[in-house]
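J.:
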Amino acid sequence: MPEIETARLILRPFNLADFTDYHHQLTSDVEVMRNLLPGKALSQEEAELFFNRFFEHWKRHQFGVWILRDKEDKELIGQCGLRWCYEYSPEIEMVYAIAKSHWGKGIASEAALASIKYGFEQLKPNKIMAIAAPTNLSSQRVMQKVGLKYDKNVHYYGKDCVYYTISRQEWQPDDSLYILQQT
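For the sequence shown, this note's numbering assigns the number 380 to the initial residue and increments by one for each residue that follows.
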């Protein structure tokens, strides 16, 4: 399974031992979940379903959403990665969520750049897409910062969203630290 090291992060596939930290840092936090689907903090049971979808995606496709851990102290600080979302788009979707204690530090952008690089270099899709609530300006800034461009408004999982894309031709790799390892 692929793991990525960036300047400050380790991106690695979900494993079952991550669940407690994942729920504590992300899915149980009202502010983190406010702009993510389903738009509310999750109970432990709901979070297990959410978590298992990411875990199963890895098993089925050999890529997916990574757990983000701080390179220095190994704290779980978010998630970011790529997934198929067939019912809404033929493109691969990039998703991310960062623990509130790490907002405003560029973590989402760093992880998103690594995810996009992995996507275009390893998976080779024509496009990568991402969505956000129209009111989630922080997420839209991350998308713009990493090269995605606004494409259209969509209705996604019952919510109005903005839809951003980047094509393989538009993508420009940067020189940020990116070490890919297969484990």
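Positions of the beta carbon are idealized from the N, C-alpha and C atoms, including for glycine.
Computed from a prediction, not measured in an experiment: that's the story for all the values here.
1. Kindly indicate the opening and closing residues of the beta strand (DSSP E) around residue 532.
2. What residue range is occupied by the uninterrupted alpha helix (DSSP H) comprising residue 437?
3. Closest by CA to residue 474, which one among 382, 468, 494?
4. Can the beta-carbon of residue 470 be found closer than 8 Å to that of residue 544?
5. Tell me, to the nearest whole angstrom, how far the beta carbon of residue 463 is from that of residue 393; I am working on the premise that it is less than 8 Å.
6. Alpha carbon to alpha carbon, what distance is there between residue 447 and residue 558?
7. Between which two residues does the beta strand (DSSP E) holding residue 509 run?
8. Below 8 Å between beta carbons: does that hold for residue 521 and residue 529?
T.: This is what the structure gives:
1. 528 to 535
2. 423 to 440
3. 494
4. yes
5. No, residue 463 and residue 393 are not in contact; Cβ-Cβ is about 16 Å, not under 8 Å.
6. 14 Å
7. 506 to 511
8. no
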